[in-house]
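2 protein chains.
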Amino acid sequence: MTRAEQKERTRRAIINAAFEQLSADKSFASLSLREVAREAGIAPTSFYRHFADMDELGLTLVDEGGLMLRQLMRQARQRLINNTSVIRTSVETFMEFIIRHSNVFRLLLRERSGTSAAFRSAVAREIQHFCAELADYLRKENKCPPELALIQAEAMVILVFHAGADALDASDEVRQKITVKTILQLRWLAAGSQHASI
Amino acid sequence: MTRAEQKERTRRAIINAAFEQLSADKSFASLSLREVAREAGIAPTSFYRHFADMDELGLTLVDEGGLMLRQLMRQARQRLINNTSVIRTSVETFMEFIIRHSNVFRLLLRERSGTSAAFRSAVAREIQHFCAELADYLRKENKCPPELALIQAEAMVILVFHAGADALDASDEVRQKITVKTILQLRWLAAGSQHASI
DNA sequence: ACTTTCAGCTTACAAATGTACGCCCAATCT
DNA sequence: AGATTGGGCGTACATTTGTAAGCTGAAAGT
Numbered sequence: 001m002t003r004a005e006q007k008e009r010t011r012r013a014i015i016n017a018a019f020e021q022l023s024a025d026k027s028f029a030s031l032s033l034r035e036v037a038r039e040a041g042i043a044p045t046s047f048y049r050h051f052a053d054m055d056e057l058g059l060t061l062v063d064e065g066g067l068m069l070r071q072l073m074r075q076a077r078q079r080l081i082n083n084t085s086v087i088r089t090s091v092e093t094f095m096e097f098i099i100r101h102s103n104v105f106r107l108l109l110r111e112r113s114g115t116s117a118a119f120r121s122a123v124a125r126e127i128q129h130f131c132a133e134l135a136d137y138l139r140k141e142n143k144c145p146p147e148l149a150l151i152q153a154e155a156m157v158i159l160v161f162h163a164g165a166d167a168l169d170a171s172d173e174v175r176q177k178i179t180v181k182t183i184l185q186l187r188w189l190a191a192g193s194q195h196a197s198i
Numbered sequence: 001m002t003r004a005e006q007k008e009r010t011r012r013a014i015i016n017a018a019f020e021q022l023s024a025d026k027s028f029a030s031l032s033l034r035e036v037a038r039e040a041g042i043a044p045t046s047f048y049r050h051f052a053d054m055d056e057l058g059l060t061l062v063d064e065g066g067l068m069l070r071q072l073m074r075q076a077r078q079r080l081i082n083n084t085s086v087i088r089t090s091v092e093t094f095m096e097f098i099i100r101h102s103n104v105f106r107l108l109l110r111e112r113s114g115t116s117a118a119f120r121s122a123v124a125r126e127i128q129h130f131c132a133e134l135a136d137y138l139r140k141e142n143k144c145p146p147e148l149a150l151i152q153a154e155a156m157v158i159l160v161f162h163a164g165a166d167a168l169d170a171s172d173e174v175r176q177k178i179t180v181k182t183i184l185q186l187r188w189l190a191a192g193s194q195h196a197s198i
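For the record, the sequence lines run as chains A and B. Counting along the first sequence from 1, when you hit position 23 you're at 23 in the UniProt record's numbering, and nothing is skipped either side. Counting along the second sequence from 1, when you hit position 139 you're at 139 in the UniProt record's numbering, and nothing is skipped either side.
1. For the segment 176 to 191 of chain A, which residues have a beta carbon sitting closer than 8 angstroms to at least one beta carbon of chain B?
2. Does the segment 176 to 193 of chain A come close enough to the segment 69 to 84 of chain B that 3 or more CB-CB pairs lie under 8 angstroms?
3. If I follow the unbroken alpha helix (DSSP H) through B/M156, where does it start and stop?
4. Considering only the beta carbon of each residue, do A/T115 and B/D63 sit closer than 8 angstroms?
5. For a cutoff of 8 angstroms on Cβ pairs, would you count B/L33 as touching chain A?
6. Within the 8 angstroms Cβ cut-off, does A/D25 reach chain B?
7. Can you tell me whether A/E111 is buried or exposed, with buried defined as 16 or more other CB within 10 angstroms of its CB?
8. Give me the residue from A/S27, A/A4 and A/Q21 with the minimum Cα distance to A/S113.
9. With DSSP run on the structure shown, which of helix, strand or coil describes B/K26?
10. By the three-class DSSP mapping on this structure, what secondary structure does B/H101 have?
11. When the distance is taken between beta carbons, is B/F119 closer than 8 angstroms to B/L69?
12. For B/L150, which residues of its own chain have a beta-carbon under 6 angstroms away from its beta-carbon, when the five flanking residues on both sides are left out?
13. My parser needs the beta strand (DSSP E) runs of 3 or more residues fully inside the segment 16 to 96 of chain A; what are they?
14. Check each residue of the segment 145 to 159 of chain B: if its Cβ is closer than 9 angstroms to any Cβ of chain A, include it; give the result in chain order.
15. Within 10 Å of its beta-carbon, does A/V86 have 16 or more other beta-carbons around it, so buried, or fewer, so exposed?
16. For chain A, is any of its Cβ atoms less than 8 angstroms away from the one on B/A29?
17. Taking the alpha helix (DSSP H) that B/K140 falls in, what are its first and last residues?
18. Is any beta-carbon of chain B found at less than 8 angstroms from that of A/R3?
19. Once DSSP output is grouped into helix, strand and coil, what is the label at A/S193?
20. Helix, strand or coil: how does DSSP classify B/T2 here?
21. Taking 8 angstroms as the CB-CB cut-off, is residue 199 of chain A touching chain B?
22. Taking 8 angstroms as the threshold (beta carbon to beta carbon), is A/S85 in contact with chain B?
23. Would you decide whether B/I81 is buried or exposed? Buried here means 16 or more other CB atoms lie within 10 Å of its CB.
24. Here's the rule: buried if 16 or more other CB atoms are within 10 angstroms of the residue's CB, otherwise exposed. What is B/E8?
25. With a cut-off of 8 angstroms, does the C-beta of B/R38 fall near any C-beta of chain A?
26. Could you check whether the Cβ of B/S193 sits closer than 8 angstroms to any Cβ belonging to chain A?
Structure, rendered in structure tokens:
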């Protein structure tokens, strides 16, 4: 095995260990370097061969999380081809994401308002992408004026994100109700912005 | 000075010390018992004379923060008497609150998605109050069906909360833009729910 | 007047953490 | 083949943490 391969392998081990340890009761801030190293199966000091400190690791996690989110969006758009309602499909896809990758979503959710400015802006950037692409869609579909489309998209993303946060701790049944509720809220927003622009 | 008075006084010193240390870079979770005790001017072990552990202190802080929020709402309603727009007044009052008590707002914002289930539900309860009272207002004012009013209120509160989070780090100018944007979003919601119920 | 209560203190300790330093050895380079 | 590089390790240390145990003195109770 080449040296670069091995290095990349332990780097992934560290990243995976960190994602693994994140949970409802454990935020990234409460993760210690030693803990991560232990889970990754390396000595504490070996950590520094890959990241300067925990912050650097954290930013990597946020980037990867954002990437997953964007992949989710593309997945949702693909589904749209054979389906009617944008809003319903998007919300349902999002809900599937937070079930499958709840730790990733929790990371984004928490660091969005966390103590590190770098983390906050990293998450903000990822969400920004999310909003921009949705706004693009709204412009084409509903012919909103450009700035209004972005404002509408932002509101929608906020509502979906919050719904996801609620759904994290909920049972399947409750999650279903949250989904329905969120769809309703998004439709109001869509209808309201249409109505107002006339 | 009576003994009970003195006890209450140091209890407040602890609470104030905790609020004092909260900031953009310092979450409650990153606060240590010793740190709080130091700031409050007592020995670390004396802390236990007032709270069983840091969690108990934290829940007290959340309760006090929620109380402040409800007081804010009453204040907003009082203003309404001499004013026309509910939405504008509410958003502006909220913005004033997060400027005056940014540490309190940050606490609620963070613990809403924090690592302690007890904290999360405590914050959720406070926000619930917020939503319920707004829903009440919407029912009377706009004659929405009861459940729809609550759903609308929840969406509005989420949007205002998020706007507050954004405004925390922003300049006066940017905060003004956020305010305008949020008002627009809330009006869309109001219009959309009216439109849909017809 | 005396006893009891109890907020606050000092001392003490075990556990965990970040990280500096230096060794080792296999992959890589010359 | 020999020299170099660099990922991984063990040891070590200073800090910080939560909290247990026991003392003190003044307020409150009798």
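Every residue gets a Cβ at the ideal spot worked out from N, C-alpha and C, and that includes glycine. For clarity, every value in this text was computed on a predicted model and none was experimentally measured.
Inspection of the coordinates gives the following:
1. Taking 8 angstroms as the Cβ-Cβ cut-off against chain B, the residues of the segment 176 to 191 of chain A that qualify are K181, L184, Q185, R187, W188, L189, A190 and A191.
2. no
3. Unbroken alpha helix (DSSP H) run through B/M156: P146 to L168.
4. no
5. no
6. True, the Cβ-Cβ gap to chain B drops below 8 angstroms.
7. buried
8. A/S27
9. strand
10. coil
11. no
12. A135
13. none
14. L148, I151, Q152, E154, A155, I158 and L159
15. buried
16. yes
17. A117 to N142
18. No - not a single Cβ of chain B is within 8 angstroms of the one on A/R3.
19. helix
20. coil
21. Because chain A is modelled from 1 through 198, residue 199 of chain A falls outside the range shown and cannot be assessed.
22. no
23. B/I81 counts as exposed, since fewer than 16 other C-beta atoms from the protein chains shown sit within 10 angstroms of its C-beta.
24. exposed
25. no
26. yes
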